[in-house]
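Sequences listed follow chains A and B, in order.
In the working numbering, each residue's number is its place in the first sequence (first place is 1) plus 1360.
In the working numbering, each residue's number is its place in the second sequence (first place is 1) plus 242.
Beta carbons are placed, not taken as given, at the ideal position from N, Cα and C, and that holds for glycine.
For clarity, every value in this text was computed on a predicted model and none was experimentally measured.
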Amino acid sequence: DTGVSQDPRHKITKRGQNVTFRCDPISEHNRLYWYRQTLGQGPEFLTYFQNEAQLEKSRLLSDRFSAERPKGSFSTLEIQRTEQGDSAMYLCASSSPNTQYFGPGTRLTVL
Amino acid sequence: QQPVQSPQAVILREGEDAVINCSSSKALYSVHWYRQKHGEAPVFLMILLKGGEQKGHDKISASFNEKKQQSSLYLTASQLSYSGTYFCGTAGNNNDMRFGAGTRLTVKP
C-alpha cells in the first residue's frame, strides 16, 4: 500500500455513458498526475496538478476528458461519452520532489 | 517525447546481472525508475535528479548522464523477485513526466 487510493477499482460502463474516477494522494504531496495504461504499454501521461492548479494536459486528451483537484487535495477524472477505445487502466500518482507513488488504478471497461 | 528503453525484453538466470537503458531526445531534469508486476500498479524504485548522480538500493542501482540524456538501471545478482516490467519515466524542468514502453525482465531459477 503506497498511501495513494483510487476509487472505484473497477468500472464497467456502456458506450456513451459518463464516468468519474477519484484519487486521494498522500497528504503532504503537492503534485498529482493522471496516466492511462493499456496492456503491454507504459503509462501514458494525461494531466498534472501542482496543488489545485492544472499545469499541463496532454494533447492526446480529447475534450471528453476533464480533471479537477479542488483545494489541492483529492482529484477527479471525468470521461464524458465514453468510447470503447477508452478501455484502459487509469492510474493516479502522488508526487513529491524526490518520489512518485502510484495508486492501485481504476480499470475501465467500455462495452 | 517518450523516452526509448532497451532492451525490450531480457531473460536471466538467478544470480546473473542485467542493464536496462533509457534515453531521451530532450533535456532532462529527472529520471524515475519503476517495476511493474502483472496486474499491479508500477512500484517506485528510485529517482535520479540532474547532476549525474548514481543511486543504489540493495542490488539495484542506476546512473544518470544528463549531457547524454540517458539513464541506466543495473540489476546485480538477480533474484526471482526481480521479474517484472521495468519502466523509466523522464521529466524536464516543468515536471512533465513521460514513460518508456518498458523492459520485460524474466528471472528463471
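Cβ pair count under 8 Å reaching 3, the region 1381-1401 of chain A against the region 1450-1464 of chain A = At 8 Å Cβ cutoff, the stretches touch.
**Prompt:** Taking only beta-carbon atoms, is G293 of chain B less than 8 Å away from chain A?
**Reply:** no
Between T1466 of chain A and Q1366 of chain A, which are expected to be in contact by the criterion C-beta below 8 Å, what is the C-beta distance as a whole number of angstroms? 5 Å
| said: Contact between the region 323-338 of chain B and the region 1401-1409 of chain A is defined here as three or more beta-carbon pairs at a separation below 8 Å; is this criterion met? | reply: yes
* Asked: Going by DSSP, what residues sit across from I1439 of chain A in a beta bridge?
  -> A:V1379 and A:F1425
Q | Sub-8 Å separation of V273 of chain B and L290 of chain B beta-carbons | A | yes
Burial state of P245 of chain B, where buried means 16 or more other Cβ atoms lie within 10 Å
Buried, since its Cβ has 16 or more Cβ neighbours within 10 Å.
Quick check on D1384 of chain A: does DSSP put it in helix, strand or coil? strand
Next item on the list: Examine chain A for any beta-carbon lying closer than 8 Å to the beta-carbon of D300 of chain B, and answer yes or no.
Entry: Chain A contact via Cβ: absent.
Inset, instruction - Note down the Cα distance separating S1455 of chain A from P1368 of chain A, rounded to an integer number of angstroms. - result: 21 Å
Any idea if Q312 of chain B is buried or exposed, counting beta-carbon neighbours within 10 angstroms, 16 or more meaning buried?
-> buried
At least one CB of chain A closer than 8 Å to the CB of N337 of chain B: is that the case?
yes
Check the Cβ-Cβ distances between N1458 of chain A and every residue of chain B, and say whether any is below 8 Å. Yes, N1458 of chain A counts as interfacial toward chain B.
- Query: Tell me the DSSP bridge mates of R1391 of chain A?
  - Reply: A:Q1410 and A:S1455
Legend entry - Beta-ladder partner(s) of S314 of chain B, from DSSP: B:N263 and B:S305
Q. If you draw a straight line from the C-alpha of Q247 of chain B to the C-alpha of T1407 of chain A, how long is it?
A. 23 Å
Original post:
Does any residue of chain C bring its CB to less than 8 Å from the CB of P249 of chain B?
Top reply: In summary, chain C is missing from the structure at hand, where the protein chains are A and B.
Local conformation of Y1461 of chain A per DSSP, three classes: strand
Quiz prompt | Contact set between the region 1387-1415 of chain A and chain B, restricted to residues whose Cβ is under 9 Å from the partner | solution = R1391, Y1393, Y1395, Q1397, G1400, Q1401, G1402, P1403, E1404, F1405, Y1408, Q1410 and L1415
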